[in-house]
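Here's the structure, in structure tokens; my notes come after.
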Amino acid sequence: MKMNQLPRKALKLFYIRCGIAAVAILGAFIPAVILASAGGARTAVLICAGIPVLISLAFLLILPYYRYKLYAYGFDEKRIVVRYGVIFRHSVTIPVCQIQDLHRFEGPIMMLLGLGGVTISTAGSNFNLACLLKSEADLMIEVLEGYLEKRVEEKANEEIQ
Amino acid sequence: MKKFSKNYLYYHFVADIFITLIAAFVFMDALIVEDEAGEMIGWDLKALPFFILGILAVYAALILYRVFYLRFASYTLTESDVRVTRGVFFRKNSILEYSKMHAINKKQNLIQRLFGLAVITVDSGSTNTSATAEILIYESAAEADRLLALLKAKKNGEEISAEDPLAAEQAPAEQVLCADNGELVFSSGKKLVYSLLNIASAALGTLTVIVLCLFTYFCILPLLYQLLLGEAFMVLIPVMILALIATVGIALFTFLASILQSFIGFYRFRIRKTAKDLEISYGLLTHHENSFGFDRIQGIVIRQGLIQRLFGYATLTLEVIGYHEGGDEQKNQNASMIGMLLPLCQAHEAADIIASLLPAYVPLEREARAVRYFPFISWSTLVIAFITALSATLVLPLMYFLEAPSIALSIVGVLLAVGFAIAAGLYALGALLAYKTAGIAISEDRITVYGGGYQKRITTLLRRSLVAVEDVTTPLRARAGIYTLILHLRTNALANEVKVQMLDREAAEKLLSALPD
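If you read the protein sequences in the order shown, they are chains D and G. Sequential numbering from 229 applies to the first sequence in our numbering. Sequential numbering from 1025 applies to the second sequence in our numbering.
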């Protein structure tokens, strides 16, 4: 099975999301330092909160790249495989015959970047394929629907025989 | 369209009194007159009439809501589906095809029984309804029995008289496990053992808290007094006493609840097996009658807590489509009871019981085991170490800047190290149990997964229930050929995963090939 990488725009999206998280962290940290300075405990707060903040920011800087680089997906007539994760590497295998329905989703930033995600619903779980190009997402849904119909037909024939 | 029974209203005339009384108790504080020191000196009698009026208004509002609910609610059984309309502020129309019905349950609590009311719930097994059923009908007890029989027949595609469906239901069941027929029964003796095991589990937790409190009192507080806080530590004593009282209170409540649960909750526990269903009924105060079609059962779990394992007992639960069996929300408590197959049995007889009830789910002997112990402990140790190091990084510099004496710094450091050692030790023990338990067995038609640390779980599921397999690894584990796999089941969104840890490549590949095409 051929495994595909996410489009380059997905990396931008990951960086934007991490940027928002970084702004939120700094938005909490900077007022804390200002307040602590007024209370005379600036150094203590800088050390105590600064270390976790620095670690978090470093993660936010590195994480998107590796997330993008290590994300891969592929599908054929029988299976869909999604590989993701940086520290813990996940590889999900979903049989096409177990698909219940397929959805495309877009968040506001995804819309700006022309990206779309595909949610594969099975009887019990939902699996997200994040950040494909909209055209890729539509094509994937179309192709998978075709495979699914074919598999359902094959299964019905097997049962009749 | 048929209306819900008027007994619903009569029942709520009484049940809502309790809700109103709780509201009155909560707001009673408004009537208390206090002095400047905050001590109660009497009651504000001038405000009393308004208070009573307010409480009556709450009761009236509740009753008014029930009246409207009853007025708007209706149901109908068509040729192909059951339709229910309910709701006051938000109207909900539910349509459920008979062929898609999963579990049909009847429930009656004590007050409902006094008023001859019963609740029928029907669930479709949808992922979105894991906590509550889609179809809910309030009917009189006699009508509920008729409706239950009719719905079961419709679900199974049987032709029966709509006027007298109960006559058809008199057909003998294949097998009945109840107080009258031998060993496979949840007898009084077993209920007693079940209570004692639950009590022992609760006692273990209570003992741990008491030991921690005593350790704090005799070791930590004197040190804090000597070194850091001086007289300020006195404020910690009432906190600790309160914690002790709360722990003992909770323990006593758990003991009592455990006994009540065993003897009242599981009163007249019966399992009835028919050609297409498994019917489980029990309960004195709240009577449950749960019916599961065999095609909707996705797995059976044999659970053994630490204490149960010590004494060789086990609990059997069902993994069924639509209901979550271990939720922490209030709503899910009923659902957790619905998944119960047998509250207690001897561990060695579990396979025989399953064979008699659901032969397709008899657990297989373990074929592959976990290959290494270290991966079970590595990440948890790293996380605990990280938390300890972070705590030290935050607390010790703060104490230094607040000019705490150096011996106080040393003691806090030692305490952090002791805390790390205890947490790591507990994790190590849990990991050892998980390592000894973990494994898998795969046959033509089913898979048995062995897992769990302090609570052992043996899950048997049919291969056709597998909807996906997820391989979770780290680069190091991948290099060493160690695989942890998550099996996604065709159940509901809340309880649809079974994890099997640290297998070798051969077992992992066998499991991946077990996925249906």
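The beta-carbon is built from N, C-alpha and C at its ideal position, and this holds for glycine as well. Bear in mind that the values here come from a model prediction, so they are computed numbers and not experimental data.
In the structure shown, Thr1310 of chain G falls within a coil segment according to DSSP collapsed to helix, strand and coil.
Taking the beta carbon of Val371 of chain D as reference, no residue of chain G falls within 7 Å; the closest one sits roughly 17 Å away.
Between Val1217 of chain G and Tyr1337 of chain G, the gap from beta carbon to beta carbon is short of 8 Å. Cys1243 of chain G sits exposed, since fewer than 16 C-beta atoms from the chains shown fall within 10 Å of its C-beta.
Among the bridge pairs identified by DSSP, His331 of chain D is matched with D:Thr347. Those residues of the segment 313-343 of chain D placed with their C-beta closer than 8 Å to a C-beta in chain G are Gly313, Ile315, Phe316, Arg317, His318, Ser319, Val320, Thr321, Ile322, Pro323, Cys325 and Gln326, ordered along the chain.
It is roughly 42 Å from the alpha-carbon of Ala1413 of chain G to the alpha-carbon of Ile1471 of chain G. In the displayed model, Met231 of chain D falls within coil according to three-state DSSP, outside both helix and strand. The beta-bridge partner set that DSSP reports for Phe1316 of chain G consists of G:Ala1127 and G:Leu1302. When beta bridges are read from the DSSP output, Trp1067 of chain G appears opposite G:Ile1056. Residues of the segment 1406-1431 of chain G with a Cβ closer than 9 Å to any Cβ of chain D, in chain order: Leu1414, Thr1417, Leu1418, Val1419, Pro1421, Leu1422, Tyr1424, Phe1425 and Leu1426.
Taking each of G:Ser1219, G:Gly1323, G:Tyr1241 and G:Phe1277 in turn and checking the Cα distance to Thr1230 of chain G, the smallest one comes out for G:Phe1277. Note: Ser1164 of chain G is bridge-paired with G:Leu1141 in the DSSP secondary-structure output. Residue-level contact by beta carbon fails for Arg1529 of chain G and chain D, as no gap is shorter than 8 Å. Against chain G, a Cβ distance below 8 Å from Lys237 of chain D picks out nothing, because the smallest value is about 26 Å.
Gln1285 of chain G is bridged by DSSP to nothing; it lacks a bridge partner.
The segment 313-331 of chain D makes contact with the segment 1484-1495 of chain G; the number of CB pairs closer than 8 Å reaches 3 or more.
Shown in chain order are the members of the segment 270-295 of chain D whose Cβ falls below 7 Å from a Cβ of chain G: Thr271, Ala272, Ile275, Cys276, Ile279 and Pro280. Each residue's CA atom was taken as its position, placing Val1325 of chain G and Leu1340 of chain G some 6 Å apart. If you draw a straight line from the Cα of Leu340 of chain D to the Cα of Ala1409 of chain G, it is about 42 Å long. Ile1506 of chain G carries a coil assignment under DSSP once its states are collapsed to helix, strand and coil. Between the segment 1036-1045 of chain G and the segment 1082-1092 of chain G, the count of Cβ pairs shorter than 8 Å is three or higher; the stretches touch.
Of all residues in the segment 350-364 of chain D, only Thr350, Ala351, Gly352, Ser353, Asn354 and Phe355 come within less than 8 Å of chain G when Cβ atoms are compared, listed by chain position.
Look at Leu1539 of chain G: its C-beta is under 8 Å from a C-beta on chain D. Per DSSP, reduced to three states, the secondary structure at Phe316 of chain D is coil, with no helix or strand assignment. Interface residue (Cβ-Cβ distance to chain D less than 8 Å): Leu1536 of chain G is classified as such. Listed along the chain, the chain G residues whose CB falls inside 7 Å of the CB of Lys306 of chain D are Asp1541. For Val1344 of chain G, there are no neighbours in chain D by C-beta distance under 7 Å, as the nearest C-beta there is about 11 Å away. Within the DSSP bridge table, the entry for Val1263 of chain G names no partner. The DSSP-derived three-state label of Val1395 of chain G is coil.
Taking 7 Å as the upper bound on Cβ-Cβ separation, chain D lies near residues Val1491, Ala1492, Val1493, Glu1494 and Asp1495 of the segment 1471-1495 of chain G. Neighbours of Ala1394 of chain G across chain D, judged by C-beta separation under 8 Å, do not exist; the nearest C-beta is about 17 Å away. Annotation: the continuous beta strand (DSSP E) that includes Met1526 of chain G extends over Glu1521 to Leu1527.
Interface criterion not met: the Cβ of Asn1117 of chain G is under 8 Å from no Cβ in chain D.
For Asp1495 of chain G, the enclosing beta strand (DSSP E) begins and ends at Leu1490 to Thr1497. About 25 Å separates the beta carbons of Thr1484 of chain G and Tyr1397 of chain G, which is beyond the 8 Å limit, so they are not a contact pair.
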